[in-house]
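Protein chains in written order, with the working numbering: chain A, -11 to 377; chain B, -11 to 377; chain C, -11 to 377; chain D, -11 to 377. All residues carry an ideal CB built from backbone N, CA and C; glycine is no exception. First up is the structure itself, then whatever we jot down about it.
Number of protein chains: 4
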Amino acid sequence: MLKFPFSKDYTLNYKEEWIDKRIQFLNQQCNTDLIHVRKFSYDSQKMIGNIENPIGCAQVPIGLSGPLTVNGAHAKGEFYIPLATTEGALVLACNIGMNLLSKSGGVNTMVLKDVVHVSPLFQVAGMENYSWFINWLDSHFEQIRIEAEKTTKYGKLLSIVPKMTSEGIIVTFSYSTGDAMGLNMIVKATHAAITYIADCTKTKFFLRSNFSSDKKISAYNYAYGYGKEIFAEATLPQKLFDDGKLNTTPKDVIANYHNARSGSIHAGMVGSNAHIANILAAIFIACGQDVAHITNCCAGITGFKLLSTGDLYCSLYIPGLLIGTVGGGVSLPTQKECLEILGCYGNGKAKKFAEIIAASALAAEVSISIALTNGSFVDAHEFLGRNRP
Amino acid sequence: MLKFPFSKDYTLNYKEEWIDKRIQFLNQQCNTDLIHVRKFSYDSQKMIGNIENPIGCAQVPIGLSGPLTVNGAHAKGEFYIPLATTEGALVLACNIGMNLLSKSGGVNTMVLKDVVHVSPLFQVAGMENYSWFINWLDSHFEQIRIEAEKTTKYGKLLSIVPKMTSEGIIVTFSYSTGDAMGLNMIVKATHAAITYIADCTKTKFFLRSNFSSDKKISAYNYAYGYGKEIFAEATLPQKLFDDGKLNTTPKDVIANYHNARSGSIHAGMVGSNAHIANILAAIFIACGQDVAHITNCCAGITGFKLLSTGDLYCSLYIPGLLIGTVGGGVSLPTQKECLEILGCYGNGKAKKFAEIIAASALAAEVSISIALTNGSFVDAHEFLGRNRP
Amino acid sequence: MLKFPFSKDYTLNYKEEWIDKRIQFLNQQCNTDLIHVRKFSYDSQKMIGNIENPIGCAQVPIGLSGPLTVNGAHAKGEFYIPLATTEGALVLACNIGMNLLSKSGGVNTMVLKDVVHVSPLFQVAGMENYSWFINWLDSHFEQIRIEAEKTTKYGKLLSIVPKMTSEGIIVTFSYSTGDAMGLNMIVKATHAAITYIADCTKTKFFLRSNFSSDKKISAYNYAYGYGKEIFAEATLPQKLFDDGKLNTTPKDVIANYHNARSGSIHAGMVGSNAHIANILAAIFIACGQDVAHITNCCAGITGFKLLSTGDLYCSLYIPGLLIGTVGGGVSLPTQKECLEILGCYGNGKAKKFAEIIAASALAAEVSISIALTNGSFVDAHEFLGRNRP
Amino acid sequence: MLKFPFSKDYTLNYKEEWIDKRIQFLNQQCNTDLIHVRKFSYDSQKMIGNIENPIGCAQVPIGLSGPLTVNGAHAKGEFYIPLATTEGALVLACNIGMNLLSKSGGVNTMVLKDVVHVSPLFQVAGMENYSWFINWLDSHFEQIRIEAEKTTKYGKLLSIVPKMTSEGIIVTFSYSTGDAMGLNMIVKATHAAITYIADCTKTKFFLRSNFSSDKKISAYNYAYGYGKEIFAEATLPQKLFDDGKLNTTPKDVIANYHNARSGSIHAGMVGSNAHIANILAAIFIACGQDVAHITNCCAGITGFKLLSTGDLYCSLYIPGLLIGTVGGGVSLPTQKECLEILGCYGNGKAKKFAEIIAASALAAEVSISIALTNGSFVDAHEFLGRNRP
C-alpha cells in the first residue's frame, strides 16, 4: 500500500516537490489525473500557516460587481466588489442591485458594536463555590485583563461574564480585536487568562463550552452579537420605477417583503432575509475570510418601508459579522489582491470592509426582491445558470 | 470617468481579452496591480454559467486530509478528502480525527431522507377561498406534478403542503432532485406548476415566501429537513487512549461533551456541534458546492457516549445537507478534480458524496473534542496559524 | 414537630375532616389564619383525581367577555367567554375586541390539523441495529397500533416516526385523541405499545425523551404541531374607524403591526403575537384545562393586512392548541359551568371549544393593537389596574 | 334580545346584585344553570382592579406539597407549597421530589439578576437621524430616568438600549421593580419617559414594539433575561437510592437525563427541562401571579450530574421568572392566604418567593426523572388521574 507523503520536517511539506509527491500519490491511489488543482500562481511557501498537506488550490471564479456607492463612517466612495462563487446569476443579480442603490445616492452604513467572545467553563462545584468564584472574578478583573492582553498586541479584554450551569461556571470573555477577525487571538488570550485564574483559584477549566457559539447559530450570539453589529440603508426614489424598466413597483416589492417576513416567522427563522449568505460567502472566499463564519453572519434582517414620498426605503441589519483585514487568509496572493480592489487590505481597514460587505449584501437583497416581483428571477437563473458551453 | 468593461454580447465577456479589459480597468480605477487574480489554469469559456463579469479566480489552498475509512450505504472504502481553506490547523485537525476513526474501523453512514423544497405564496383572500383553494390543490396534485416535472429530467415532485397565513397561502413544494443540489431545478419546476395553478384558479402568486428557508436557519428546515438528512457514527475503542499518546481519556472527552451540550442549550443554539461548518465550508469550496448552503447544514448534532465496554461511541446527525455531484460548480476544472479524488463526480454519486462529507465532519468533531481536552487546541493554532514565513 | 396530615387510605384524604386537619396543620406550622382557601362550594370528593392533599380552592375571579360572533366549522353563533384572571383590564380589553369583531360580522375559524404525540427513546445501539429496528417498526405498525389502541376508547394512533440519535432511537407516536386533551391517554397507549415493541425486539426503552416538547417551546412542535392547529380571521370595515370613536385608523394599526413584527424578528421570537397567552391562560383556568399547556400554545402568529377596500383584515394562526372538553379538570363544578356557558362541555365539543378560544384570542389581539395606537393602553391599565378599594 | 348587564357606574358592576344580573343573563342566554361559579367567600368589592364584569370565581383545587427545605439567600427553612391545579398526580409527584430533596439537605437557591423591560419604538427615519437620536438618548439618560421614576415609588430605570431597525429605533427600557412583578409599573414609567423624549426630540413613538417579548418566548428574553434569573441546586446522596425503594439508580436517572437533553436538542427546544411549567402554573394560580408569564418562565434548564462520590447533583436554571408579592392578584383572599402559607406576602418578599418557586420546580424535575426511570410515571397518572368517583 502507498504511503501518504508527509514530512515530519514541517516546512518541507510546502515545497513544490512534496506537493508533487502528494499529487502523484493521489493519482495512483484515486485513479485521478489531477492537473488543475496542482496549478497556482505563487510560491507554495506562502501557504504556510494557512493550510497543511497542500496539494494546490481550488480556483473559484471571481466576478466583478459594482460600482456600489457607499456612504459609510469608514467606507466612502464607489467600490467594485469581487465575488468568488460558482452560482450563475449571483454576480449579475448583485450588479443590478448595486446599480440601483448607487443611482439612489448610495448606501449609508454604520458599525454599531464590535465584540467577539469565547466562553470557557470552570469546573466549580456547588453554589457556595460559585458565589465565591464569581466574586473572585469580579475583584480580579484587572489582573485577568493583564494576563489576557500580555499575549496580544491588538486584543482588548472588555468584559468577563459568568453563567452558572449544572456542569460548572461558563465565563464569557469578550474582546475587541482591532482589524483581525481575532478568533485565534482571543482563544490564546483567554487561555492565558484562565490558566492564571485556574492557578489562583485551584480550579480546572475546559477551554471552550460552546456558549460563544462560534460557527453555529444561537440565541445568545443573535442577541448579544458576535463580531461587528452593522446597519446599512438606502432609499430608492419612486422615479427609479417610473420608466417601467424595472417592471415592478415599490408597492409590489413591499408586498413581496411582507410575504417574506410572514414566511420567515412561520418558518421560525433566525433573522429574516432573502439570501445575504450568498454575498457573504462570495466576498469571504474572494477576500480570504474564514468562510465557516457565514453561519454566524447569515441571521441578518432585511427591511423595506414605503415612505410617504412614494420612495422605497430599504435596510439591512446584521447582528454579527466576523471579518478581518489582517491575519488569517488575507495575505494569500489572490485574497490580498481582492482586498486591495476594495482598498481594505491591512491595518485600519476592518470597519471599512465590514461596511462594504453590508452595503453589498443590501444590494443583493434589493436585487432579489425586484427579481422576485418582476418575474426575472426564474429567467435569469435559467439563462445564466444553464447557458453553458 | 472610466467605463466598466461589459459587452452586451453575453459570451464575449468570457474571452480572455475582456477579462484583461476588466483587470486593466480595476488597476486604473482602484490603483491596484492585479497579477494573481488574473491567473487560472483553464479556458475562460468554462466559466460561462457559473459567474458573470469574470476577472479570474480566487486561489484557495487545498490541503489533503485522510485517509478516512467510510462504511456507508453508498460510500465504502478509504477516502482522501480535499479541504479548501485558509484556516491554519484545520486540515491537520481533521487528519487526526480521520486517522483515529479509521483506526477504529471507520465511520458508518446513512442517508435517512432526501428532500428539498420551495414555498411560493398565493394571494388568496379569506378563509372561504382558502378552503376552496386547498381542496383544489388536493384534487389536482397529479396535474400539478405533471406540470412541474415537464421542466426537469431528474426532479420528482413529492408533495405540496399548504399553510394559511394572513398574507395568503404558502404552498411548500417538496422534491427529490437526484444527484443535483437542485435549487434551480425546483424553482423552475415550481414556477411551471404555480403558473398552471394560477391560470386554473385565477390567483396571483409570489414565487418565494421565505418559508422554505434557503440559506437561512429556521425551525421548519431544522424539523422537516432541507437536503439530505444524514447520520454518521463510529466507535473509538478504549485501547486507542491507553498508550497515553492522545493525552486524554474517553471520560474527559465525555466531560467536555457534556459541557458543550450544556453550553449549546444555555446559548439557545440550533443544533449542537463544535465546528462542522468548518469542514463543510472546506469541502464545499473544494468541490464546487453552493457555499452559502452551509448555513442550512451547520445545525448538526454531535453526540458522544461512553459504552459499558469503555469504548467511546460518537455520532453526527445533520438535519439537512444540500449538495450535488452534477450541475452548479462541479464541472469547473479544480472542482471536478476534487470530486474525482473522492470518486464522486457525476451521476449516481450524490449520496456517496453526502456520506463522505458527514464522515469527515464527524472526524473534525472527534478531533476538536480531543484537542480541547488534551490542551493541544491552543498550541496547534498557535504553531500552525502563526508559523508563517 | 407536627406531622403532615396524610392518610394512607387514599380517598380519606378528600374528606372534609382531613382537609380541616391540613388547614389546622398549616395554621400552626406557618402561623396563618386560613379562611378563604378552605371554602369551596361543592363536595370535596369531587376533587378525587384532580388533586392530592387538598386544602381547598384558589378562587380566581371570572369576568364575562363577549358576545363574540364566531362563524366556525364547529362554533357558530354568539358566545360569552368566561375569563378567569387577576389581571385588571384584560376582560375589558377583550370585550372591546370582541365587540368590534362581532360588529364586523364575526370571526371565521377553522381547525387545520389535530394531533398530539409522545416520543419514547429505545436504547438501540449502532447503525446496523438502528436500520433493523426501524424496519421492524415499519413492518409492525398494525400490531403496534392495536396494542396502543387496546388501552383507549378514543385515541387513534396515526403514525410512528423514528429519529436516530447518539443515545438511541427516538420514536414519535402521534395520535388523534377525540375530545380529550389526551396526554394521559397517549402516554398510557404508548406505554402499552412500547412494552410490546420492547418485548418483541429485546430492547429497553425510556418512556419520554423530551422530543415531543410537552409544556416547552420547540422548533419541532412549532413546525409539526402539538394539539390543534387553528386559523381565525375577521375583517374590520373601514367605516368602524370613521366616526373617530376608536381614535385610531387602520393605517396606524398596520404601522404598529409592522413595528411589532420587526420587534418580534429582532427579538428572535417564536411566533409573533401581542398577548394571546393572556386569553389562553384565562380561558384555560376558567374551563379546567391544563394551564401549563399555554407554553405550547403561545407561539401564535397574528397578522394584519390593509385591504384595497380600506378595510382591515386580521388573522391569528396557532400552531398547536392543546385542549379538551372531557377528562382532566373539565368536570369540576365551576369548570364544567364555564364550559357550559360556551356550550362546550362533553363529547363532540373539542373543536368547537378550540375555535372559540382562537376567536377570543384574535379579539384580544385586535383590542391591544387598537389600544396601543390610540393611547388607551396605559390609561386603561392605570385606571382599572389601580383603582382599587 | 337580552342586554348584557353592565353599568356605566364602574363600581356598581362589582355589587352582588349586578353579579346576579349577569348570572341570570347567562342562564337565560346560554341555557345554563350556574351555581358554583357564582359562589365565592369574600366581598365582591375586593375584585375591583383585578377583573371586569365579574360573575364569580373559578374554584381551582389546591393541594399541599412539601415540606421542602430551602437554603436560599432569602428563603430559609421548611416550606409547604400550595399548588392550584386540576392535573391529577402533580401534587403527589412534587411531594416525592420535595421529600427527597429535603432528606438530602434541601435546595440551595440564588437570584442572579433581576430586571424587567419594555421596548417602545421611535419613528426616527434614516441613519443620520438615528445617530443623532441615539446620542441624544445617551446624553439625556439622567433626565429620562427622572421622568420615568416620577411615576413610581419602587421602579428604578437601569438602562436604555437602542436598536436600529428598518421601522425606527427600538429602545429597551430596563428596570428593577422591587417586590412587584412590575409590568404595569414599567409601562407607565416608560410612557412618561418616552413622552418626554418625544417632546424634546419632536419624534413619534409606539409604546411597545414586541422586542421585549412579554408573554412570548424569544432569543432576546432567553439571553438577556426577563424577570428574575435564578439558580437552584441540590445533591441527592447515593444512599437515598440504596434501599431500593426508589426502584431506580443515579445512573438510570443520568441516562434518562442525557436522553432528554438529546431530545431537547433534536427538537430545537428553548431551554431544556421536563415540566417546570406545571409547577410554575400551579404556584402562579394559587398565589395570584400573572399566569400568562409562565410562557416567559418555562425555558428553564435542568441539569443532573453524577458526582465522583456516587451522589447525584441536580440543578435548575431559570433565565427569567416574572413574579411579585405586592400588586396584581396577590391581595385577593385566597391568593393572599397562599402567599402567607409561604411567608411571602407583601413587601420584601419577592426574592424569597422566587427562590421557593425555583426550589419547588427543581423538586418537580427530580420527581419526574425518577418516575420516568422506575416505571411509576404511567401507574401514578393511571391511578390518580382516573380513580374518580
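Can you find a C-beta in chain B that's less than 8 Å from the C-beta of His254/D? yes
Reduced DSSP secondary structure (H/G/I, E/B, other) of Lys340/B: helix
For Ile311/C, the three-state DSSP class (helix, strand or coil): coil
List, in order along the chain, the chain D residues whose C-beta lies closer than 8 Å to that of Thr153/A? Ile289, Gly291, Ser303, Tyr305
Give the secondary structure of Ala352/C by DSSP, where H, G and I count as helix, E and B as strand, and everything else as coil. helix
At 7 Å on the CB atoms, spell out the chain A contacts of Phe121/D, in chain order. Going along chain A, no residue has its Cβ under 7 Å from Phe121/D, so there is no contact; the nearest lies around 13 Å.
Can you list the residues of chain C that Gly312/D reaches, using a CB-CB cut of under 8 Å? Ordered by position in chain C, no residue passes the 8 Å Cβ test against Gly312/D, which lies about 11 Å from the chain.
Give the DSSP bridge partners of Lys64/C, in chain order. Asn59/C
Partners in chain D for Ser92/C, counting only beta-carbon separations shorter than 9 Å: By Cβ distance, chain D contributes nothing, its closest Cβ being about 18 Å from Ser92/C, past 9 Å.
What residues from chain C crowd round Ala207/A, counting only those whose CB sits closer than 7 Å? Gly256
Is there a Cβ from chain D that is less than 8 Å from the Cβ of Leu22/C? yes
Under the rule that 16 or more other beta-carbon atoms within 10 Å means buried, what is Trp120/C, buried or exposed? exposed
Would you say Cys332/D faces chain C, with C-beta separation under 8 Å as the test? no
Would you check if the distance between the CB atom of Ala262/C and the CB atom of Ser364/C is smaller than 8 Å? no
In three-state terms, what does DSSP make of Pro42/A? strand
From Tyr2/D to Tyr214/C, what distance separates their C-alpha atoms? 39 Å
Among residues of its own chain, excluding the 5 on either side of Val366/C, which ones have a beta-carbon nearer than 7 Å to its beta-carbon? none
Buried or exposed for Glu353/C, going by 16 or more other Cβ atoms inside 10 Å? buried
Runs of 4 residues minimum, wholly inside the stretch 196 to 239 of chain B: which ones carry the alpha helix (DSSP H) assignment? 207 to 212, 227 to 230
Classify Asp167/A as buried or exposed, calling it buried when 16 or more other Cβ atoms lie within 10 Å of its own Cβ. buried
Contact set for Thr236/A: own chain, Cβ-Cβ below 8 Å, skip 5 residues either direction: Phe229, Ile358, Thr361, Asn362
Quick check on DSSP: helix, strand or coil for Lys91/D? helix
Quick check on DSSP: helix, strand or coil for Ala346/C? helix
Contact list for Arg26/C against chain A, beta-carbon separation under 7 Å: What Arg26/C touches in chain A: nothing, since even the nearest Cβ is about 37 Å away.
Between Ile218/B and Ala346/B, is the Cβ-Cβ spacing less than 8 Å? yes
Name the chain A residues whose beta carbon is nearer than 7 Å to that of Tyr210/C? Gly256
Per DSSP, what are the beta-bridge partners of His105/D in this structure? Ser162/D
7 Å Cβ cut-off: residues of chain B touching Ser260/D: Ile253
So that I know if they touch, is there some Cβ in chain A lying closer than 8 Å to that of Ser201/C? no
Run through DSSP, which three-state label would Gly373/A get? Bear in mind that the predicted position of Gly373/A carries a pLDDT of just 46, short of 50, making it too unreliable to give a figure here.
Identify, in the order they occur along the chain, each residue of the same chain with its Cβ nearer than 7 Å to the Cβ of Tyr(-2)/B, setting aside the five sequence neighbours on each side. none
Would you call the stretch 33 to 47 of chain A in contact with the stretch 40 to 50 of chain B, where contact means no fewer than 3 C-beta pairs closer than 8 Å? yes
Enumerated in chain order, which unbroken segments of the alpha helix (DSSP H) with a length of 4 residues or greater are wholly contained in the stretch 230 to 302 of chain D? 238 to 255, 264 to 274, 282 to 285
What are the start and end residues of the alpha helix (DSSP H) that includes Pro321/B? 321 to 329
Would you verify that the beta carbon of Arg374/A is, or is not, closer than 8 Å to some beta carbon of chain D? Summary for Arg374/A: the model assigns pLDDT 45, below 50, so the residue's position carries little reliability; its value from the coordinates is reported in the next sentence. With 8 Å as the cut-off, Arg374/A does not count as an interface residue toward chain D.
Quick check on Asn123/C: buried or exposed, where buried means 16 or more other Cβ atoms within 10 Å of its Cβ? exposed
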